[in-house]
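>
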Amino acid sequence: MSIDIQTVNKLANLSKLEFDDTGKEEVRQKLNKIVEFISQLQEVDTENIEPMASTVHATSTREREDKVTEENHRDEFMANAPQTEMGFFVVPRVVE
Amino acid sequence: MELYELGLKEAADQIKAGKITSVELTKSYLDRIASRNEEMKAYITVCADKALEMAAESDKRVKNGNPRLIEGVPVAIKDLFCTKGVQTTAGSHMLEGFVPPYESTVTENLWNAGAVMLGKTNMDEFAMGSSNETSYFGDVKNPWDKTRTPGGSSGGSATAVADYLCAAATGSDTGGSIRQPAAFTGLVGIKPTYGRCSRFGMVAFASSLDQAGPMARSVEDAALMLRCMAGYDEKDSTSADRPLNDYDEHLAELDVKSLKIGLPEEYFIEGLDPVIKAEIDKALENFKQGGAEIKTVSLPHTKYAVPAYYIIAPAEAASNLSRYDGMRYGLRVEGSNLNDTYCKTRSAGFGEEVKRRIMVGNYTLSSGYYDAYYTKAQKVRALIAEDFNKVFEEVDVIITPTTPTVAFELGGKITDPIAMYLNDVFTTPASLAGLPGISVPVGTVKDGESELPVGMQILAKPFALQTAMQVAYAHEQMTDFKMRSAE
Amino acid sequence: MHPDYEMVIGLEIHAQVNSKTKLFSGSSTTFGAEPNTQANIIDLAMPGVLPVLNTEAVDAGIKLGFALKARVNRKSVFSRKNYFYPDLPKGYQITQFELPIVEHGTLTIDFEDGSTKDIGITRMHLEEDAGKSVHDFGDENHSHVDLNRAGTPLMEIVSEPDLRTSEEAGIYVRKMRAILRFLDICDGNMDEGSMRCDVNVSVRKKGVTELGTRCEIKNVNSIRSVVKSIDYEASRQIDVIESGGEIAQQTRLWDEAKGTTRAMRSKEDAHDYRYFSDPDILPLCLTEERIEKIKQAMPELPDEMKARFITEYELTNYDASVLTLSRASASYYERTIEAEEGKKHDPKLCANWVTGELFGALNKMGKDITQSPVSPENLGELVGLIQDKTISGKIAKQVFEEMLETGGAPKKIVEEKGLVQITDVSALDGIVKDIIANNAETVEQYKSGNQRVMGFFVGQVMKQTQGKANPGIVNDLLRQNLQ
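Residue numbers (numbering that gives the first Met the number 0), protein chains in the order written: chain S, 0 to 95; chain G, 0 to 486; chain U, 0 to 482.
1) Would you list the one or two residues that DSSP bridges to ALA168/G?
2) Any beta carbon from chain U within less than 9 Å of LEU7/G's own beta carbon?
3) Between MET326/G and chain U, is there a C-beta pair that is closer than 9 Å?
4) Go ahead and label HIS56/S buried or exposed: buried means 16 or more other beta carbons lie within 10 angstroms of its beta carbon, across all protein chains shown.
5) Taking 6 Å as the limit between beta carbons, can you name the residues of its chain near PRO34/U, skipping five residues before and five after?
6) Mind pulling the chain G residues with CB within less than 9 Å of VAL16/U?
7) Can you tell me whether DSSP reads GLU267/U as helix, strand or coil?
8) Going straight from the alpha carbon of GLU70/S to that of ALA38/U, what length do you get?
9) Since THR354/U and ALA327/U are thought to touch, with beta carbons under 8 Å apart, how far apart are those beta carbons, to the nearest angstrom?
10) How big is the Cα-Cα spacing for THR441/U and VAL452/U?
11) Can you check whether the CB of ALA59/U is closer than 9 Å to the CB of SER18/U?
12) Using a Cβ-Cβ cut-off of 7 Å (strictly less than) and excluding sequence neighbours within five positions of GLU267/U, which residues of its own chain qualify?
13) So, LEU63/U versus ILE170/U, is the Cβ gap smaller than 9 Å?
14) Looking at chain U, is there any beta carbon in it that lies within less than 9 Å of the beta carbon of GLY433/G?
15) Determine the burial state of ILE268/G: buried for a count of at least 16 other Cβ atoms within 10 Å of its Cβ, exposed for fewer.
16) What separation, rounded to the nearest whole angstrom, lies between the Cα atoms of ARG73/U and VAL218/G?
17) Taking Cβ to Cβ, would you say GLY489/U is nearer than 9 Å to LYS467/U?
18) Please list, in chain order, the residues of the stretch 38-58 of chain S that have any C-beta partner in chain U closer than 7 Å.
19) Can you find at least 3 beta carbon pairs, one from the stretch 407-414 of chain G and one from the stretch 156-168 of chain G, that sit closer than 8 Å?
20) Rounded C-beta distance between ALA467/G and VAL396/G? I'm assuming under 8 Å.
21) Quick one: list the residues of chain S neighbouring TYR303/G, beta-carbon separation under 9 Å, in chain order.
22) Rounded to a whole number of angstroms, what is the C-alpha to C-alpha distance between GLU414/U and ILE385/U?
23) By the criterion of Cβ-Cβ separation under 8 Å, what are the contact partners of MET201/G in chain U?
24) By the three-class DSSP mapping on this structure, what secondary structure does THR104/G have?
25) Going by other Cβ atoms of all chains shown within 10 Å of its Cβ, with 16 needed for buried, is GLN248/U buried or exposed?
26) So, ALA317/G versus ARG356/G, is the Cβ gap smaller than 9 Å?
27) Nearest CA to the CA of GLU340/U: which residue from MET175/U, GLU376/U, ASP128/U?
28) Over the uninterrupted beta strand (DSSP E) stretch that includes LEU458/G, give me the two end residues.
29) For GLY6/G, which of helix, strand or coil comes out of DSSP?
30) Mind checking if GLU267/U is an interface residue toward chain G, Cβ cutoff 9 Å exclusive?
31) Counting only Cβ pairs nearer than 8 Å, list the residues of chain S close to GLY25/U.
32) Assuming THR44/G contacts GLY118/G (C-beta within less than 8 Å), just tell me the rounded distance between them.
33) Interface residues of chain U around GLU84/S at Cβ under 7 Å?
34) Give me the Cα-Cα distance between ALA80/S and ALA371/G, rounded to the nearest whole angstrom.
35) Looking at ILE40/U: is its Cβ nearer than 9 Å to the Cβ of TYR101/G?
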């Protein structure tokens with residue numbers, strides 16, 4: 000399985016990353032090597048093996064009581080924001 | 000002896016006994032950092048004022064007769080742990096200037112145990128790297144040889160501890176990021192069982208693998224440090240709700256005569272530097288002399304751990320790093336529209352390795368490839384865990400080299416991702432299985448002009464870290480390895 | 000609607016769990032707070048923060064599973080749905096994908112003619128809501144994001160494509176809302192967005208069994224809009240097909256003001272959400288004890304209550320279904336029956352008054368049953384007055400008008416206004432005799448066989464008695480005197 004430039008473009012779009020043409024070609028080559036490397040797994044017999052998503056052996060995920068534990072700290076939380084106005088985060092226009 | 004040469008336990012004892020003050024000790028570290036950090040680049044942020052404030056507070060507590068476990072001892076925090084009011088970058092331009100309005104649970108626990116924060120240590124960007132060279136904030140130097148890497152991703156912490164720029168430090172280990180730099184710098188580094196330390200407030204790389212742990216200059220210090228970091232946390236759904244050991248108080252309780260050590264044949268293979276093998280053999284010989292049973296065991300899926308790891312970790316990372324979008328915090332590079340802003344921000348904010356892993360993660364998760372890669376890797380992960388389960392029916396601990404080579408030259412592998420990934424060959428299997436592991440120094444080898452440390456990895460069953468620590472401690476008593484003294 | 004076509008409709012209802020806090024954080028979910036004052040570090044997806052599941056949302060899901068006669072999965076899994084959007088702080092939504100908490104249910108809808116239809120429920124899963132982008136102020140190049148709603152627990156209820164008309168879809172939504180409210184797990188307020196619909200519509204020629212290409216309509220925020228948007232979209236699709244075109248599968252936005260749908264400009268690229276199980280949350284495994292406990296505590300639901308009303312009160316299927324559309328109206332109705340101690344009011348008469356006069360009046364006033372100026376006790380008392388013939392039905396309507404205005408008790412109104420029915424035969428006989436004497440011409444008409452003038456005489460009596468005469472007695476007396 001070899002990665003072509005179209006795949007790089009698609010992945011860049013999913014990843015929200017951009018590359019110039021040289022960068023794209025470099026990424027393509029490195030991704031190809033990595034994909035070749037990880038494709039080694041295909042030789043492992045995994046029939047009837049359950050995929051392991053986590054190593055935690057709890058009976059169920061933790062659940063929280065439905066109790067408000069948070070107060071308003073808007074100003075503090077927004078202090079790192081690139082742009083705010085009237086308590087809103089200001090972002091490039093969202094088109095629906 | 001300079002104050003900065005004191006270990007964590009020693010320093011805590013002396014402060015509690017009133018022999019030294021926390022402010023004196025803190026100043027000693029701050030002075031040393033001031034003279035050395037520009038070269039070593041161990042710290043991204045040094046918080047001198049805060050450290051002195053905390054130290055004064057500690058001295059007050061000692062005076063009032065209510066000191067805590069490590070009262071007044073200055074430590075360094077990997078810049079992956081969010082610290083309230085102190086810049087937290089994860090080694091990335093993306094988070095340069097980000098000041099969290101909250102504290103990670105691990106650091107909160109440390110402050111509650113009386114620790115003093117010296118600053119935040121350098122690291123591979125978002126913990127993705129094995130040499131610290133992916134950091135936006137410069138390459139960290141290995142104090143054993145400044146042309147070499149201290150390893151990664153907790154390279155800043157490794158150098159901070161090994162160069163006596165703190166008493167101990169926190170690290171995080173996803174595929175070997177504590178154990179490998181510990182091995183490269185002659186330290187004790189512990190990756191606890193997954194779930195032992197809370198992940199809350201620790202910038203996520205790969206959620207199912209990330210685990211915080213300590214780095215220190217002795218087993219006892221590392222054990223004590225972990226005791227102050229770990230514990231159940233209801234804010235982390237994957238945190239283990241089970242009692243915490245007083246690790247450092249039970250180190251000498253091992254009966255070596257009844258110890259069964261497993262040596263996995265798959266780890267002693269081609270590619271392993273023979274001088275490393277020789278050093279491990281020396282350590283094993285000591286155990287043999289002490290009466291331990293040593294047997295060869297097999298972990299047949301070992302060679303698939305690195306490829307499985309490099310599917311699972313990037314997949315989780317690609318998703319975990321989606322929040323860095325320039326909207327609510329962190330870097331924003333304004334583009335011509337929303338999509339352009341996303342792309343420009345993330346392209347400018349992330350370095351090459353991080354971008355590559357995001358791309359790989361999105362490749363293996365995307366429709367059409369998911370089962371072939373992601374599901375397959377999770378199945379292989381199950382097989383690897385099963386390999387360990389079987390072996391642990393026969394042995395108490397597994398001993399392996401921590402790394403296939405000693406610390407390599409800066410710039411040596413950074414252009415070849417696969418070569419870099421293969422550096423994790425001995426550490427990723429335990430990460431995938433969620434097992435606890437310790438790297439302890441076993442000796443040094445000559446490489447060119449340099450004398451470089453070699454690390455030995457001790458793995459145990461889930462939540463049997465105490466056993467691994469006891470083995471590490473027993474080894475420490477027998478080895479002729481000497482930590483380098485401060486330059 | 001073109002007579003050759005039929006619609007195939009499936010609905011995705013997003014119902015907000017009425018929990019106090021969010022699905023994965025302890026932030027409040029109160030509606031209408033100042034922007035971003037209910038968004039904590041978890042909702043804002045700050046680095047390193049982690050989700051912990053709200054137990055209330057899980058319980059709500061189990062309850063709804065039972066109410067929809069569905070399978071409650073003992074193990075369900077939370078996954079990440081990855082995409083970038085400013086109102087989605089993490090860059091992924093935590094939702095249930097492969098293993099939802101509830102699957103394979105049924106919802107029965109009721110028609111006016113008393114018939115019913117079962118609509119299949121494919122699945123119901125728990126997920127978190129997104130924030131809100133506001134475009135109404137500031138310059139045209141920017142939007143404003145409020146993340147108060149981000150992380151609010153939602154139940155996404157997906158129906159099978161079993162609905163065939165917009166009317167059915169409307170009834171389905173109303174019934175689902177009734178169930179959610181009966182369970183007290185969602186307030187069902189569509190205007191506050193706590194219940195929202197995405198509508199999947201396709202059309203096909205009658206007799207064709209394959210499904211046509213569907214379009215998904217988003218942003219449908221009232222039952223009226225559900226009906227209108229489906230009608231619009233179906234005729235749009237038919238027009239496209241009839242003029243030789245093909246339907247493109249797409250997401251469309253309902254424009255309430257224009258009454259039209261339009262293709263969405265964003266998210267136009269084929270989605271690849273890269274779902275995978277969220278490594279921050281372990282699988283949710285439900286114990287039999289927990290499920291059993293919730294099962295035991297299940298309240299009476301609309302269908303069960305409807306069945307009871309039909310057998311216990313002998314109501315028609317439709318009256319019973321209308322009365323059980325909300326717990327408030329059902330309980331109002333039952334209180335009218337039991338309004339007076341030691342006396343049971345005629346259930347059918349009560350049902351007529353509640354569904355007829357009362358619902359009509361409330362509808363006109365734009366009020367719901369909980370805001371009724373007439374209490375169920377007073378309405379019951381009124382029915383009692385009719386039942387024991389203290390007043391006639393006609394007077395009762397007059398009294399009811401007064402009750403609506405003043406909220407007064409009917410007995411008092413009847414007394415004060417002297418509206419008690421005249422049942423004194425001798426008094427009425429005198430009036431009847433007078434009227435017959437004064438209308439000789441009309442009497443002749445009656446005697447020559449024109450029965451219809453009877454009404455004229457009754458009217459005259461009522462006029463003289465201000466409507467208080469007992470109509471039965473008046474009829475008897477007129478007949479006797481006209482012999």
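Beta carbons are placed, not taken as given, at the ideal position from N, Cα and C, and that holds for glycine.
Short version:
1) ALA75/G, MET214/G
2) no
3) yes
4) exposed
5) ASP145
6) The contacting residues do not exist; VAL16/U stays about 19 Å from chain G at best.
7) Note that GLU267/U scores a pLDDT of 46, beneath 50, so its modelled location is shaky and nothing firm can be said.
8) 9 Å
9) That belief does not hold up - the Cβ atoms of THR354/U and ALA327/U are roughly 14 Å apart, past 8 Å.
10) 7 Å
11) yes
12) Its pLDDT being 46, under 50, GLU267/U is placed unreliably by the model, and the measurement read from it follows with that caveat. Closer than 7 Å at the Cβ level, and outside the excluded window around GLU267/U, lies no residue.
13) no
14) no
15) exposed
16) 45 Å
17) The question about residue 489/U has no answer, for chain U in this structure spans 0 to 482.
18) ALA52, SER53, VAL55, ALA57, THR58
19) no
20) 6 Å
21) GLN39, LEU40, GLU42, VAL43
22) 14 Å
23) GLY47
24) helix
25) exposed
26) yes
27) GLU376/U
28) 449-458
29) coil
30) The pLDDT assigned to GLU267/U is 46, lower than 50, so where the model puts this residue is not dependable; a value taken from the coordinates is nonetheless given after this. Chain G, which has no Cβ nearer than 9 Å to the Cβ of GLU267/U, makes this no.
31) ARG63, LYS66, VAL67, THR68, GLU69
32) 5 Å
33) GLY137, HIS143
34) 40 Å
35) yes
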